[in-house]
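Residue numbers (the working numbering): 56 to 190.
In this text, a Cβ means the ideal position worked out from N, Cα and C, and glycines have one as well.
For reference, the structure discussed in these notes is given below.
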Amino acid sequence: MANFKVNYIGGLRTEMTHLASGTVVVTDAPIDNNGKGEVFSPTDLASSSLASCMLTIMGIAANEHGFSIDGTTAEVTKIMLSNPRRIGEIQIKIQFPDFPYNDKQKKILEIISKTCPVALSLHPELIQNVDLIYH
């Protein structure tokens with residue numbers, strides 16, 4: 056059974072539906088590729104999904120080890136390449152809240168950031184530059 060339904064609605068836009076919940080996400084081609092750039096592009100979603108996946112599994116690991124990453128944020132920069140057009144690099148700055156993380160907790164978060172399912176599913180030539188910032 057399918058997990059998602061994607062409908063091309065015209066104007067270089069798609070509408071994606073998460074079938075289990077009914078949640079809808081619309082994508083738009085970016086301005087530099089003939090689109091309007093009014094909402095996430097598919098490559099925006101791929102890039103931000105990497106950060107979302109990292110934060111999600113970091114949260115799971117933190118829960119399992121008795122600490123929290125609540126309030127952690129990630130800033131994502133996507134760098135596109137051409138010929139063929141593709142994502143060449145994803146830069147992610149993960150900023151943790153003001154909490155006294157110990158060396159063991161930091162090591163867990165560092166390892167987990169490199170092993171999330173999205174990170175492991177992306178092409179090996181795609182550069183994933185991740186910076187973990189503790190306050």
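Can you give the beta carbon distance from THR69 to VAL79, rounded, assuming they're within the 8 Å contact cut? Contact doesn't hold; Cβ gap of about 10 Å is too wide.
Looking at the structure shown, is ASP153 part of a helix, part of a strand, or coil, going by DSSP? coil
Opening and closing residue of the alpha helix (DSSP H) in which GLU70 lies: Taken as a continuous stretch (DSSP letters only), GLU70 belongs to no alpha helix (DSSP H), being part of the beta strand (DSSP E) at 68 to 73.
With DSSP collapsed to three states, give me the class of VAL173. helix
Whole-angstrom distance between GLU119 and GLY90, CA atom to CA atom: 43 Å
Do you know how far the Cα of LEU67 is from the Cα of PRO155? 47 Å
Which term fits ASP83, buried or exposed, when burial requires 16 or more other beta carbons within 10 angstroms of its beta carbon? buried
Taking SER176 and MET109 to be in contact with their CB atoms under 8 Å, please state how far apart those CB atoms are, rounded to whole angstroms. That belief does not hold up - the Cβ atoms of SER176 and MET109 are roughly 13 Å apart, past 8 Å.
Suppose the cutoff is 6 Å on Cβ atoms and the five residues either side in sequence are ignored; what does the same chain contact list for GLU93 look like? ASP83
Using 8 Å as the threshold, is the C-beta distance between SER123 and ALA129 below it? no
Using the C-alpha atoms, what's the distance from ASP153 back to ASP186? 16 Å
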